[in-house]
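Following: one structure in structure tokens, then a few remarks.
So, in structure tokens, the structure goes:
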């Protein structure tokens, strides 16, 4: 271990060991199975024999019983709507969900994110204990790959709404919300400096100066006025990216909102409070970037 760490560095050694454990772990177990199936139940479909036992109870006339049984064997049978059929409630087994669409993608994402967090925790602990270490922190690559896999799964779900013949309403809804979110994103990126401490303009100005210095050091001629360009192209690119992301998150957000309302309706008061806090935490994190909150945290009496 020490020899490998001396040659490759701590972060690369942790990455290699984690990836080896990850491949062997996934071949035998998946964290998605208990995560997806815990607390879920389903009803077993009645067998054909159980349904046939209910049919003779609704056949009128003994003389027609034999003829009805022959028709059942040849042409099938119809079960009345008011038939008393007992359904068996059983817990959902991991084997029952493996045939679901995108289950393999979900399983891969859950396992990869779990191991990415393990690598990230090890790397952060190492950086805390050895702050002067200059090795490349590869755990950031694990986090970026996790985000890429999640975006790929969302894109696959969204693309499925554009490939079917009976998804015209869903397709139009995705396009409408993406366009609307693109408009709001343009307004946000252009006027965000007045309300939020984001620094789009300063970042663009710093990037322009760094690019100009790099091209000047490389003896590459630059067109006149390159450093004075407007950041409008950057705003359009960011807004387009946010619009596409909003389109991929549209239907997952609908499902999340429905799950949230159902959970709040059936939960105890204490759990209702937790659900509300979890739902509003997104707006709370956005408020941390406003100028009043930033000034209070950084320049107030109890500054951080």
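Numbering (the UniProt record's numbering), first residue to last: 1 to 304. Ideal Cβ positions, reconstructed from N, Cα and C, are used throughout, including at glycine.
- Taking C-beta separations shorter than 8 Å and ignoring five residues to either side along the sequence, the partners of residue 291 in its chain run 195, 196, 197, following chain order.
- Of the residues 147, 150, 122, the one whose Cα lies closest to the Cα of residue 137 is 122.
- A Cβ-Cβ separation of about 6 Å places residue 119 in contact with residue 15 under the 8 Å criterion.
- With respect to residue 105, residue 153 sits close: the two C-beta atoms are nearer than 8 Å.
- Between residue 103 and residue 110, the C-beta gap is not smaller than 8 Å, which leaves the two residues out of contact.
- Taking the C-beta atoms as reference points, residue 181 is found nearer than 8 Å to residue 242.
- Ranked by Cα distance from residue 81, the first of 51, 257, 170 is 51.
- Here residue 47 carries a coil assignment [DSSP, helix/strand/coil].
- CA-CA distance, residue 142 to residue 53, rounds to 58 Å.
- If you look at residue 92, you'll find it isn't in any alpha helix (DSSP H); DSSP assigns it neither H nor E.
- In the assembly as shown, residue 276 is an exposed residue. Its beta-carbon has fewer than 16 other beta-carbons within 10 Å.
- The three-state secondary structure of residue 301, taken from DSSP, is coil.
- Taken in chain order, the complete alpha helix (DSSP H) segments of 4 residues or longer contained in the region 88 to 166 are 94 to 97, 103 to 129, 139 to 163.
- For the region 222 to 302, the full-length alpha helix (DSSP H) segments reaching 4 residues or more read 232 to 248, 250 to 266, 269 to 287, 291 to 299 along the chain.
- In this structure, DSSP gives residue 196 an extended state, which the three-state scheme calls strand.
- Ranked by Cα distance from residue 174, the options 247, 21, 128, 299 are led by 247.
- Ranked by Cα distance from residue 114, the first of 13, 231, 35, 172 is 35.
- Per DSSP, the continuous alpha helix (DSSP H) segment holding residue 170 begins and ends at 168 to 191.
- In the three-state reduction of the DSSP assignment, residue 28 falls in the coil class.
- Each of 191, 157, 47 was checked against the Cα of residue 252, and the nearest Cα belongs to 157.
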